[in-house]
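Contents: one structure, followed by commentary.
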Amino acid sequence: MSLALIVMLPFIGALFPALLLRAGRNACATATFTFSLAAFILLIFQAPAVLQGETLHASWQWLPKLGLAVSFMLDGLGLLFAGLILGIGLLVIFYARFYLSKQDNMGSFYTYLLLFQGAMLGIVLSDNILLILVFWELTSLSSFLLIGYWKHLPAGRQGARMALTVTGAGGLSLIAGLMLLGHIVGSYDLSVMLQHRELIQSSPLYLPALLLILGGCFTKSAQFPFHFWLPHAMAAPTPVSAYLHSATMVKAGIFLLARLWPVLSGTPEWFYLVATTGLITMLVAAWIALFKDDLKGLLAFSTVSHLGLITLLLGLGSPMAAVAAVFHIINHATFKAALFMNAGIVDHETGTRDIKQLGGLWHLMPITATLAMVAAASMAGVPLLNGFLSKEMMLEQVAHTAWLDQPWLMAIIATLAALCSVAYSFRYIVHVFFGPQRHDYPDHPHDPPLGMWLPPAILVCLVILIGLFPQTFAGALVASSAKAVIGGALPEYHLAIWHGVTPALWMSVIALIGGLSLLAGYRKVRSAWEAGPHPDAKAMFQVWIKGLVQLAQVASHGLHNGSLQRYLAWMVGAAVVVGYGAFMNSSLSAGSRELLPAHPTAIAAWLLLILGCLLTVWLHHQRLLALIMVGVIGMVVCVGFVYLSAPDLALTQISVEVVTVILMLLALNVLPKTTPKESGFGRKGRDILLATSAGVGIATLVWAFLTRDFTTLSDYYLAESLPGGGGTNVVNVILVDFRGFDTYGEITVLGIAALLIFALLDGALHGGSAAKRLAQWLPDQARAADRHPLMLVVAARVMLPLALLVGVFIFLRGHNVPGGGFIAGLVVSVALIMQYMASGFGWAAQKIRLDYHAMIGSGVLLAGLTGIGSWLFGYPFLTSSVLHLDLPALGEIHIASAMFFDAGVFSVVVGATMLALSQLSQIGRRAEALPVNQAAMDCDPSHPLQKDPSWKP
Amino acid sequence: MIDYALHFGFFALSLALLMNIWRAIKGPTDMDRILAVDTMVINLIAVIILYGIYEKTTLYFEAALLFAMFGFVSTVAYCKFILRGDVIE
Numbered sequence: 018m019s020l021a022l023i024v025m026l027p028f029i030g031a032l033f034p035a036l037l038l039r040a041g042r043n044a045c046a047t048a049t050f051t052f053s054l055a056a057f058i059l060l061i062f063q064a065p066a067v068l069q070g071e072t073l074h075a076s077w078q079w080l081p082k083l084g085l086a087v088s089f090m091l092d093g094l095g096l097l098f099a100g101l102i103l104g105i106g107l108l109v110i111f112y113a114r115f116y117l118s119k120q121d122n123m124g125s126f127y128t129y130l131l132l133f134q135g136a137m138l139g140i141v142l143s144d145n146i147l148l149i150l151v152f153w154e155l156t157s158l159s160s161f162l163l164i165g166y167w168k169h170l171p172a173g174r175q176g177a178r179m180a181l182t183v184t185g186a187g188g189l190s191l192i193a194g195l196m197l198l199g200h201i202v203g204s205y206d207l208s209v210m211l212q213h214r215e216l217i218q219s220s221p222l223y224l225p226a227l228l229l230i231l232g233g234c235f236t237k238s239a240q241f242p243f244h245f246w247l248p249h250a251m252a253a254p255t256p257v258s259a260y261l262h263s264a265t266m267v268k269a270g271i272f273l274l275a276r277l278w279p280v281l282s283g284t285p286e287w288f289y290l291v292a293t294t295g296l297i298t299m300l301v302a303a304w305i306a307l308f309k310d311d312l313k314g315l316l317a318f319s320t321v322s323h324l325g326l327i328t329l330l331l332g333l334g335s336p337m338a339a340v341a342a343v344f345h346i347i348n349h350a351t352f353k354a355a356l357f358m359n360a361g362i363v364d365h366e367t368g369t370r371d372i373k374q375l376g377g378l379w380h381l382m383p384i385t386a387t388l389a390m391v392a393a394a395s396m397a398g399v400p401l402l403n404g405f406l407s408k409e410m411m412l413e414q415v416a417h418t419a420w421l422d423q424p425w426l427m428a429i430i431a432t433l434a435a436l437c438s439v440a441y442s443f444r445y446i447v448h449v450f451f452g453p454q455r456h457d458y459p460d461h462p463h464d465p466p467l468g469m470w471l472p473p474a475i476l477v478c479l480v481i482l483i484g485l486f487p488q489t490f491a492g493a494l495v496a497s498s499a500k501a502v503i504g505g506a507l508p509e510y511h512l513a514i515w516h517g518v519t520p521a522l523w524m525s526v527i528a529l530i531g532g533l534s535l536l537a538g539y540r541k542v543r544s545a546w547e548a549g550p551h552p553d554a555k556a557m558f559q560v561w562i563k564g565l566v567q568l569a570q571v572a573s574h575g576l577h578n579g580s581l582q583r584y585l586a587w588m589v590g591a592a593v594v595v596g597y598g599a600f601m602n603s604s605l606s607a608g609s610r611e612l613l614p615a616h617p618t619a620i621a622a623w624l625l626l627i628l629g630c631l632l633t634v635w636l637h638h639q640r641l642l643a644l645i646m647v648g649v650i651g652m653v654v655c656v657g658f659v660y661l662s663a664p665d666l667a668l669t670q671i672s673v674e675v676v677t678v679i680l681m682l683l684a685l686n687v688l689p690k691t692t693p694k695e696s697g698f699g700r701k702g703r704d705i706l707l708a709t710s711a712g713v714g715i716a717t718l719v720w721a722f723l724t725r726d727f728t729t730l731s732d733y734y735l736a737e738s739l740p741g742g743g744g745t746n747v748v749n750v751i752l753v754d755f756r757g758f759d760t761y762g763e764i765t766v767l768g769i770a771a772l773l774i775f776a777l778l779d780g781a782l783h784g785g786s787a788a789k790r791l792a793q794w795l796p797d798q799a800r801a802a803d804r805h806p807l808m809l810v811v812a813a814r815v816m817l818p819l820a821l822l823v824g825v826f827i828f829l830r831g832h833n834v835p836g837g838g839f840i841a842g843l844v845v846s847v848a849l850i851m852q853y854m855a856s857g858f859g860w861a862a863q864k865i866r867l868d869y870h871a872m873i874g875s876g877v878l879l880a881g882l883t884g885i886g887s888w889l890f891g892y893p894f895l896t897s898s899v900l901h902l903d904l905p906a907l908g909e910i911h912i913a914s915a916m917f918f919d920a921g922v923f924s925v926v927v928g929a930t931m932l933a934l935s936q937l938s939q940i941g942r943r944a945e946a947l948p949v950n951q952a953a954m955d956c957d958p959s960h961p962l963q964k965d966p967s968w969k970p
Numbered sequence: 002m003i004d005y006a007l008h009f010g011f012f013a014l015s016l017a018l019l020m021n022i023w024r025a026i027k028g029p030t031d032m033d034r035i036l037a038v039d040t041m042v043i044n045l046i047a048v049i050i051l052y053g054i055y056e057k058t059t060l061y062f063e064a065a066l067l068f069a070m071f072g073f074v075s076t077v078a079y080c081k082f083i084l085r086g087d088v089i090e
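In order, the protein sequences belong to chains A and B.
Heads up: the first sequence at position 491 corresponds to 508 in this note's numbering, and the numbers run straight through without jumps.
Heads up: the second sequence at position 73 corresponds to 74 in this note's numbering, and the numbers run straight through without jumps.
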């Protein structure tokens with residue numbers, strides 16, 4: 018349980034900073050810190066057991082059929098990473114409180130940070146690779162938010178987008194790779210998977226899976242050639258860089274390499290792919306870092322280089338190298354987080370991060386300078402500091418590894434990379450803090466407040482302590498996490514400063530001396546470098562993205578050109594081709610069922626229907642007439658439903674019909690009243706052919722269907738309606754009970770649609786090009802003089818109570834005979850709309866004091882609560898129950914819980930219909946530019962002298 | 002006796018419906034067409050009621066009720082549109 022809690026705490030905590038923002042910045046930071054600290058303490062409690070070699074598990078089923086389980090595992094590797102994520106996270110949270118300025122929105126910053134922290138913890142503690150994928154994507158998304166935190170900076174947005182694109186693409190590749198791996202093993206559980214090394218490596222799918230997984234890991238961990246996103250992510254605030262690029266985000270790829278090391282490593286493919294990538298990355302990035310003038314740019318490339326180092330170690334495949342990799346993960350996290358915070362301090366205090374504008378800060382910022390020197394020296398690999406120990410182990414390993422059959426090649430490249438690393442590390446010290454003091458710093462540099470230097474100071478203490486007493490301070494953690502990586506017995510090793518005169522020592526000495534002399538001749542080296550070519554990764558990336566976008570545009574515009582006729586033609590055409598194809602390949606003949614006699618009135622209605630259809634097509638250029646004819650079709654269909662024993666459908670159809678007519682008329686007011694002739698002869702011919710063949714196809718199908726006896730699901734519902742749903746109206750029982758969940762979803766969608774109509778029109782009507790066009794609109798038909806005739810107003814008023822009564826009646830009887838909340842809702846809405854039509858919006862809106870938004874919301878809520886209510890009685894969501902009451906005078910009364918659900922439906926339908934229609938009617942009023950009336954009618958006979966002042970013929 | 006009356010009713014209403022659609026086709030004005038469709042609604046209500054009597058059930062009564070109400074409202078809407086262009090002012 019506490020494992021899940023460790024992961025969940027940051028997610029829960031993410032709610033608070035944004036909420037507490039009003040309470041002040043300290044409250045914000047404290048809340049964030051508290052949640053992280055709680056997770057950290059929980060982790061510490063688990064640590065002793067894990068360090069003694071135990072592996073903790075916690076598991077819940079989620080989607081068992083997909084192999085997805087919420088299962089967590091804490092072993093040495095997980096402990097190491099979770100410790101880094103939470104430990105450095107705490108320091109970063111503390112640091113950020115003092116780093117962020119008053120203009121920055123601290124609430125959203127900490128919320129993003131906690132989301133990211135939770136996602137990272139999820140990756141390192143998951144025991145199910147599908148779960149890892151979920152968290153992996155979450156880190157991509159939350160890091161996008163963090164990198165782009167300074168939304169006003171274009172560089173921030175571009176950097177965030179690039180990071181998301183690259184790591185997101187890698188994530189897709191990883192999904193495919195891990196799925197393949199799961200397919201090979203037959204289980205998505207990591208613990209199971211790690212037992213099957215032989216099975217995986219002998220599978221023909223091993224290589225594709227490996228390539229895909231490495232694609233994910235290398236993009237995340239910024240390995241060459243995917244390293245280019247990381248320097249651009251430096252546009253983020255420094256605490257973000259310190260967190261993402263020292264201990265978390267970029268280490269996720271490394272973590273996965275380490276996690277899958279027992280089953281994937283040890284093959285030549287693994288060695289050449291992983292070790293070579295690591296080696297190249299290490300050298301190239303170290304070389305580029307030497308020439309970066311931006312402090313954070315320098316640190317970014319150095320991060321890439323060190324990630325390359327760890328990748329190289331993991332790629333070597335030997336247990337000893339894995340130990341070194343784990344050790345370097347710890348060391349790199351400590352000194353790199355300290356250095357990023359340090360760069361942030363320099364930036365914060367001097368106003369610039371450009372090395373060319375810095376120098377001589379030693380006397381101005383002694384504390385900062387000291388911290389920088391220790392951390393950078395550790396990065397360079399100077400003895401007595403922790404960076405030296407793991408770098409030494411790395412050199413020792415490469416010295417014994419042959420690469421491309423050359424025993425010395427890898428050692429030489431690694432030494433070169435170490436040499437560059439020494440040079441850029443010392444450049445950070447020398448060019449920033451030493452040299453002559455300047456007078457043109459953008460700001461007045463001085464040491465920052467305690468809150469900003471304390472976190473890096475803590476890290477620097479660790480750097481020194483681990484450097485001096487590695488076995489005491491890191492030995493247990495290294496041992497347990499290396500054991501988890503290797504998955505077997507640990508090799509013989511000794512964490513110590515002095516190992517005697519070894520090849521690695523000589524390589525270190527060469528790197529130190531070479532690096533310092535490289536820095537001494539920095540000007541010459543720099544001018545030589547500047548003469549060479551510098552491929553701009555950002556420009557290349559943008560060209561590539563632009564090409565992709567163009568390709569997507571060509572494809573989507575080709576298919577999706579906005580012509581509804583074309584879409585319809587393709588859809589109907591496809592159905593016709595498929596349908597006729599199936600028809601031709603089967604022996605379809607008419608069924609043997611006896612035909613029923615046709616009633617003469619039915620034949621008349623049938624004629625009406627056909628004529629209505631033909632007239633709609635014939636008159637479709639005159640839109641009002643077409644609308645009237647569609648109304649005829651709707652009516653005949655309703656009568657058809659009555660005749661064919663579907664009274665519920667008839668009621669629904671007729672209600673929807675009239676609402677649609679009003680909606681169309683509202684829209685038609687500001688639209689052209691005629692449709693221009695656009696189709697040529699050929700297109701008309703195509704359409705006639707398509708329509709006829711589709712119509713004949715459907716008719717044949719119906720004929721074949723109706724002339725046969727068949728059984729459907731209906732019988733079940735007919736039998737179960739009363740005992741199962743407590744109602745005799747099967748249609749209503751299906752809607753509110755059997756398929757209540759569908760209905761619940763539908764009313765939610767209905768409410769969303771109405772709110773969306775409101776939002777869209779509200780935005781369009783207040784400013785924007787639509788509002789301007791409406792203002793220029795001129796009425797295109799003659800207007801009668803009376804806006805609100807007396808006769809109409811009185812008729813509408815008389816109708817209202819009757820219609821409301823009908824609505825209540827239809828609602829109450831719904832469960833047993835045709836009716837229900839949906840129809841009742843439409844009846845009531847139509848009665849209300851009638852008042853709008855008769856007396857105008859101004860008057861009616863004054864009298865009808867219903868909040869349609871609230872009706873939608875409370876309707877969905879009521880329906881949902883009814884559904885949840887059945888949980889209280891131990892039934893599944895939306896199980897209905899019937900209450901039988903024996904009341905005096907009234908007799909026996911049945912109250913089905915479905916009634917409350919139906920009341921929710923009713924409320925949503927009324928709210929949505931009224932909201933959509935009243936909002937649509939705004940368009941007309943905007944265009945009209947006439948004042949809305951205050952009185953109920955044009956001329957009130959009971960007050961013959963009073964006339965609505967706004968009235969004008 | 003009731004059977005004869007029903008059959009006569011069905012026959013007369015069918016004829017009326019066909020004449021309604023004829024007027025809806027012929028026009029000549031939009032108002033004529035709206036009136037034709039409105040009359041069609043009245044006739045359809047009658048057909049539904051007769052069908053209820055024919056089937057000896059009250060089940061279809063509400064359909065006729067809603068037809069009456071909604072037929073009226075849509076006719077009002079059409080007329081309002083012809084008169085003023087804007088249905089809800």
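We put the CB at the ideal spot given by N, CA and C, even for glycine.
query                                                                                                                         : result
Reference residue 916 of chain A, options A:752, A:857 and A:947, closest by Cα                                               : A:752
Within the stretch 378-409 of chain A, ranges of the beta strand (DSSP E) (whole runs, at least 3 residues)                   : none
C-beta contact flag for residue 731 of chain A and residue 750 of chain A at 8 Å                                              : no
Alpha-carbon spacing of residue 307 of chain A relative to residue 356 of chain A, whole angstroms                            : 16 Å
The stretch 317-324 of chain A contacting the stretch 253-267 of chain A, beta-carbon criterion three pairs below 8 Å         : yes
Complete runs of the beta strand (DSSP E) confined to the stretch 481-518 of chain A [at least 3 residues]                    : none
Min CB distance residue 923 of chain A to chain B below 8 Å                                                                   : no
Meets three-Cβ-pair contact criterion under 8 Å: the stretch 871-880 of chain A and the stretch 813-825 of chain A            : no
Per-residue burial, residue 665 of chain A [other beta carbons within 10 Å of its own, 16 or more giving buried]              : buried
Contacts of residue 81 of chain B in chain A (Cβ-Cβ under 9 Å)                                                                : 682, 809, 854 and 855
Unbroken stretches of the alpha helix (DSSP H), 4 residues or longer, contained in the stretch 223-254 of chain A             : 223-237 and 246-249
Near-chain A residues of the stretch 37-54 of chain B - C-beta to any C-beta below 8 Å                                        : 38, 41, 42, 45, 48, 49 and 52
Whole-angstrom C-beta distance between residue 754 of chain A and residue 742 of chain A, which should lie under 8 Å          : 4 Å
Residue 611 of chain A versus residue 724 of chain A - alpha carbon distance                                                  : 7 Å
Reduced DSSP category for residue 720 of chain A - H, G, I as helix; E, B as strand; rest coil                                : helix
Under the three-state DSSP convention, the category residue 134 of chain A falls into                                         : helix
Contact the stretch 97-114 of chain A vs the stretch 52-63 of chain A: 3+ CB pairs below 8 Å                                  : yes
Candidates A:298, A:339 and A:904: closest to residue 438 of chain A by CA position                                           : A:298
Chain B residues whose Cβ lies nearer than 7 Å to that of residue 798 of chain A                                              : 86
Whole-angstrom distance between residue 236 of chain A and residue 80 of chain A, CA atom to CA atom                          : 29 Å
Beta carbon proximity, residue 31 of chain B to chain D, threshold 8 Å                                                        : Of the protein chains in the structure, A and B, none is chain D.
is_contact[residue 660 of chain A, chain B] using C-beta, thresh 8 Å                                                          : yes
Residue range of the beta strand (DSSP E) that includes residue 74 of chain A                                                 : 73-80
DSSP bridge partner residues for residue 206 of chain A (one or two, in chain order)                                          : A:145
C-alpha distance - residue 76 of chain A paired with residue 89 of chain A, whole-angstrom precision                          : 6 Å
Contact set between the stretch 811-835 of chain A and chain B, restricted to residues whose Cβ is under 9 Å from the partner : 812, 813, 816, 819, 820, 823, 826, 827, 830, 834 and 835
Reference residue 91 of chain B, options A:836, A:891, A:861 and A:97, closest by Cα                                          : Residue 91 of chain B falls outside the range modelled here, since chain B spans only 2 to 90, and no answer is possible.
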